[in-house]
Structures are given as structure tokens and as C-alpha cells.
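Report on the following structure.
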Amino acid sequence: MKNVEEVTAEVLLKIRPSLVESEKLMQLANELLEAVKKISSNYEGIIDARLEGSVAKGTWIRGREEVDIFVQFSKDVDKAKLEKTILEVGNTVIKKFGGKTEVRYAEHPYVEGILNSVRVNIVACYKVEPGMWLSAVDRTPYHTEYIKSKLTGTLVDDVRLMKSFMLGCGVYGAELRVGGFSGYLAEILTINYGSFSNTIKAASNWRPPVYIDIEGHYADKREALEAFGRPSILVIDPVDKKRNVAAAVTDTKLSEFILASKLFFDSPTEKFFYIPGCVNKRITMTEVRRILRGRCILGLRLKVQQKPPDVLWGEIKHTLKGICRALEHEDFKVFRYDAWYEGNICVMLFELQELNLPTCYIHIGPPTHLDNALEFVKKHSDAQDTVAGPWVSGSRLYVLKSRDKTSVKDIIRMRLARGDISVSAGLMEAVKGAKIYKSGEELAKFASKNTSFRQFLFEFLEARPPFLAKHVQ
Numbered sequence: 460m461k462n463v464e465e466v467t468a469e470v471l472l473k474i475r476p477s478l479v480e481s482e483k484l485m486q487l488a489n490e491l492l493e494a495v496k497k498i499s500s501n502y503e504g505i506i507d508a509r510l511e512g513s514v515a516k517g518t519w520i521r522g523r524e525e526v527d528i529f530v531q532f533s534k535d536v537d538k539a540k541l542e543k544t545i546l547e548v549g550n551t552v553i554k555k556f557g558g559k560t561e562v563r564y565a566e567h568p569y570v571e572g573i574l575n576s577v578r579v580n581i582v583a584c585y586k587v588e589p590g591m592w593l594s595a596v597d598r599t600p601y602h603t604e605y606i607k608s609k610l611t612g613t614l615v616d617d618v619r620l621m622k623s624f625m626l627g628c629g630v631y632g633a634e635l636r637v638g639g640f641s642g643y644l645a646e647i648l649t650i651n652y653g654s655f656s657n658t659i660k661a662a663s664n665w666r667p668p669v670y671i672d673i674e675g676h677y678a679d680k681r682e683a684l685e686a687f688g689r690p691s692i693l694v695i696d697p698v699d700k701k702r703n704v705a706a707a708v709t710d711t712k713l714s715e716f717i718l719a720s721k722l723f724f725d726s727p728t729e730k731f732f733y734i735p736g737c738v739n740k741r742i743t744m745t746e747v748r749r750i751l752r753g754r755c756i757l758g759l760r761l762k763v764q765q766k767p768p769d770v771l772w773g774e775i776k777h778t779l780k781g782i783c784r785a786l787e788h789e790d791f792k793v794f795r796y797d798a799w800y801e802g803n804i805c806v807m808l809f810e811l812q813e814l815n816l817p818t819c820y821i822h823i824g825p826p827t828h829l830d831n832a833l834e835f836v837k838k839h840s841d842a843q844d845t846v847a848g849p850w851v852s853g854s855r856l857y858v859l860k861s862r863d864k865t866s867v868k869d870i871i872r873m874r875l876a877r878g879d880i881s882v883s884a885g886l887m888e889a890v891k892g893a894k895i896y897k898s899g900e901e902l903a904k905f906a907s908k909n910t911s912f913r914q915f916l917f918e919f920l921e922a923r924p925p926f927l928a929k930h931v932q
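When the letters of the sequence shown are read in order and numbered with the numbering used here, they come out as residues 460 to 932.
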């Protein structure tokens, strides 16, 4: 078995851009930057344009080329004008280079395009002094300068390894859909511990709450944790003491990163890393039907409107939890749930212990010595849905009741009609009109028409994070 150093050396050969690749990307980035500056000169309120992100820092990975250009506005420019201007500038520049544009959404809308397989983002921010932030992205230029000042020697390659590891393990990305580690956070962790291997070794021994404060903004861990409400991982932003860089990291992704680090040191292998050109194994319908056999999967397929991704995923996650609580209230045992989204289609999946409940259930009453015991007896003795009882067992009353509906599909429809499920307002009509799948064959039929959903369905049913699935192969 290869050791950590041998594995990382081989991975670096595959993820580190060649000199020719670097020069080609930098040429495109500089040409785009100059075009942005030239067009921006026609607009009042634009102060400067800068190259940001992994290209500016030199930490990008082969196969994930992305150019981020930030247009800095005067703080006197209102939000509406900033948004209108950045869309005009971004669309003009990318179309000038022969690319197609798409409006994306973060705190502000921004323009994205693809040029020769390179993703280009043209983003607006305000040019302000540290601590005087008017929007979240105003910190970005300061982040870039800070990271560049710290990336000495081989740390650039260590950052590449860290990002590749997080990508391969499925914990990379601060967007709400993922709830993982941002690129900036990966860079800070690597700088803090001094190398990729040191970071992974440290992470394998983390015990939440994890605390990192490179610049010593706080006197001690206790003071910082109290200031931020004791999150599971707290990484103080070097350029803003009031910000937790790891705020987006969920407990699940933190725990997966810790476990992946343990497993990597136990058995170092390239399978933990994102390697350019490597694609997921194509899942066949035979495999999908095999893994569906004997499983109780409830699916809801709904049409959703186009929205900023974090807005939509916030609504999806809220609705998933609401449906789960409703199912549990009806005595269904919910093992897991997740959602898939592409275009205007979202599919929510729930794995249950059963799809149909027994026709009868035990309703537990009060102890007989309480005053409401008499009320319980009167209420249930002659009720139409009482099958047997009431009776006394130990100190309590019990009664056997019949269910009006037993099918999960019927129960979901009933509760939706009554408004008894906590669904995000933005998805209410979509959920009410959703197609409900309650058989493996129904899900398999949809999966046969959509390879992206097929991959998601298989991974949901396999129920292993990427690094663990690869580790046990």
C-alpha cells in the first residue's frame, strides 16, 4: 500500500495545471479583465475591476478552470443601479468573446458564461474599507490579498490537494444545497496547519466544537464560541472578526470530513480525490431495480419555478423536514430523506419502514388516577373508530383505534388538503400538485428517462457518502 506522500505526489501530477495551461488561462483572464475595465469606463459609479478567486491566487485545479472578475462600485451607488449595471457589463463582455450568458443569483445577480470550457463569472461588489461591508462579497478582494500573502513555497499545491480531497469526498461547496467547505475555508485550513497532510491529520482528530483563529482576533476559544453561539466549527475570518468562515458547514459535512480524513490516513488512495477526466460509473437500470427491490421509497415529483439556487434549496429543505414530521406524526418510520433538482423538476425522496400502516393502532390514555381518565373513557367507549377497549394495563388506559387511511399516498394527499404539512410558501402549490410515487417501478420508470436522477436515486439508495463508497469498493 502506498503512503500518504506517494499518493499525494501522484495526485498532484494530475491536478496541477501545466505551464502552458496556466499561461493560456491567465491570458484569457487578463483579456476579459481589460474588456471589463474598458466597458466599465462608460458607467458612472464603477471604481475598478479585479481578478479574484482561484485563478488570482494560483490555486485552481486542472479541469475546473474558472475566472472570477469583480467589478467594484462606489458605496454611493444604490443596489438597483449596481444590479442593472453589472448585468449590462457582464452580458456585453461575455458576448463580445463569443460566449452565451446566464444570470445567476447570490446576494446580487451576476453574469456567468462559458468560454472555451472556462466558466466566467462577472460579479459586482462595493469598494469599501474593512468592516464597512455593504454586501457579503465586498470582503472578497481582501480575502484574495490575504491568501496571496500567505501562500508561500509549496502551500499552493497543498491547497490544490485540499480542494481536490474535499471535492472527491463530496464536502466541497458552501452553497445551501451542499452545506460544505468553501474554497476560502479550504485555503485557511491549509495555511493554519501548514500543509495538506497536516490538515487532514488534524481533522482526523477534531472534536467539535472546532476552533481556528489564525490572526488571534479573540482572547481564547471560550470568548469566541460565546460570541458566535457555540457552532460545531468556528473559523474566524482573518479579515473580519465578526464572521465565521465555516458558518455554512453543516454538522453532517463536518462529520463526513472528519471520517474521510480518518479513512484516508488508514488507507491512502487516489479514490479520495477529484481527478480530472474521471467520471462516475454509469449506473444501469438493472442496478437501480436491484437496489430498489424490497425498499419502501416515497417520491414526490414537482415542478418548480426558477429562483436563486440558495432560495430554492432553502424552500426544498424546509419542505422535506415538514413532510418528514407529518409522516412521523402519522406513525410512519422515516429512515432518511433527500431531494434532487434539475431544470424545473424537483424530486423529493423518503425511505420509510413501510408504505402502508396497519389498519389499527394503540392510542395511549392517561393514568386512571387523573381527572381526565373519565373523559377519556366516555370519549372512546362508543366512538365509531374504536375497535377494542378502553382497557387498563398497569396504571394507564388504552384503546385500540382504526385508521381511516393507511396508504402513505392517501395520507399525504389528505394532510396537504387540510394544510397539515409545514411546506414552504414558495412551494405550496407545487407540492399540492406533485406526482406521488409509492412503488419502486414508478421511480425506476422516471429514472430510465433521466440519467442525472438515476445517478441520484442510486446514490440515495446506496446511502454512502462518496469517499466511503469508494473506500469499500
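For glycine and all other residues, C-beta sits at the position ideal for the given N, C-alpha and C.
- The straight-line gap separating the alpha-carbon atoms of F791 and L814 is approximately 8 Å.
- Within the model, the alpha-carbon separation for Y820 versus H839 is close to 14 Å.
- Counting C-beta pairs closer than 8 Å gives fewer than three between the region 859 to 868 and the region 720 to 735, which falls short of the contact rule.
- Under DSSP, Q531 forms a beta bridge with D507 and C584.
- Put simply, the backbone Cα of Y677 is about 6 Å away from that of A683.
- Comparing alpha-carbon positions, the option among P568, N575 and L786 lying closest to E524 turns out to be N575.
- Under the DSSP assignment, V836 falls outside any beta strand (DSSP E), being part of the alpha helix (DSSP H) whose first and last residues are N831 to S840.
- By the criterion of a C-beta distance shorter than 8 Å, R754 is surrounded in its chain by E810, G899 and L920, once the five residues flanking it on both sides are discounted.
- In the three-state reduction of the DSSP assignment, K701 falls in the strand class, which pools E and B.
- Here DSSP, grouped into helix, strand and coil, assigns E674 to coil.
- Linking Y605 to I650 through their CA atoms gives a straight-line distance of about 11 Å.
- The continuous alpha helix (DSSP H) containing F905 extends over residues G899 to K908.
- Note: D797 is bridge-paired with L808 in the DSSP secondary-structure output.
- I671 is the residue among K712, I671 and I717 whose C-alpha sits nearest the C-alpha of N703.
- Taking each of I520, N657 and P589 in turn and checking the Cα distance to E464, the smallest one comes out for N657.
- Two segments are said to touch when three or more pairs of C-beta atoms, one from each, lie closer than 8 Å; by this definition the region 774 to 787 does not touch the region 821 to 837.
- Between L644 and A633, the C-beta spacing is below 9 Å.
- When the alpha-carbon of L546 is set against those of C584, G517 and K516, the nearest one is in C584.
- When the five nearest sequence neighbours on each side are left out, the beta carbons in the same chain lying within less than 6 Å of the beta carbon of Y652 are those of T658 and A661, in order along the chain.
- Between F529 and P476, the beta carbon gap of about 22 Å keeps them out of contact (Cβ cut-off 8 Å).
- For W592 and L927, the gap between their C-alpha atoms comes out near 40 Å.
- Between the alpha carbons of E482 and E490 lies a distance of about 12 Å.
- Y569 is positioned such that its CB atom lies no closer than 9 Å to that of K766.
- Under the Cβ criterion (8 Å, minimum of three pairs), the region 886 to 901 counts as touching the region 755 to 763.
- If you draw a straight line from the Cα of L722 to the Cα of G517, it is about 29 Å long.
- When the Cα atoms are used, K496 and S594 turn out to be separated by approximately 21 Å.
- With at least 16 other beta carbons inside 10 angstroms of its own, R913 counts as buried.
- With respect to the 9 Å criterion, D769 and R598 are not classified as neighbours on the basis of their beta carbons.
- In the three-state DSSP reduction, W772 falls in the helix class (H, G or I).
- For S907, the closest of T743, K837, I804 and H567 by C-alpha to C-alpha distance is T743.
- Judged by beta-carbon spacing, V867 lies beyond the 9 Å limit of P849, meaning their Cβ atoms are not closer than that value.
- Taken atom to atom, the span from the alpha-carbon of G638 to that of A798 is near 14 Å.
- For D597, there is no enclosing alpha helix (DSSP H), since its DSSP letter is neither H nor E.
- Excluding its 5 nearest sequence neighbours in each direction, D844 has C-beta neighbours in its own chain below 7 Å: K860 and S861, listed in chain order.
- Per DSSP, reduced to three states, the secondary structure at N815 is strand.
- The Cβ atoms of V548 and I573 do not sit closer than 9 Å to each other.
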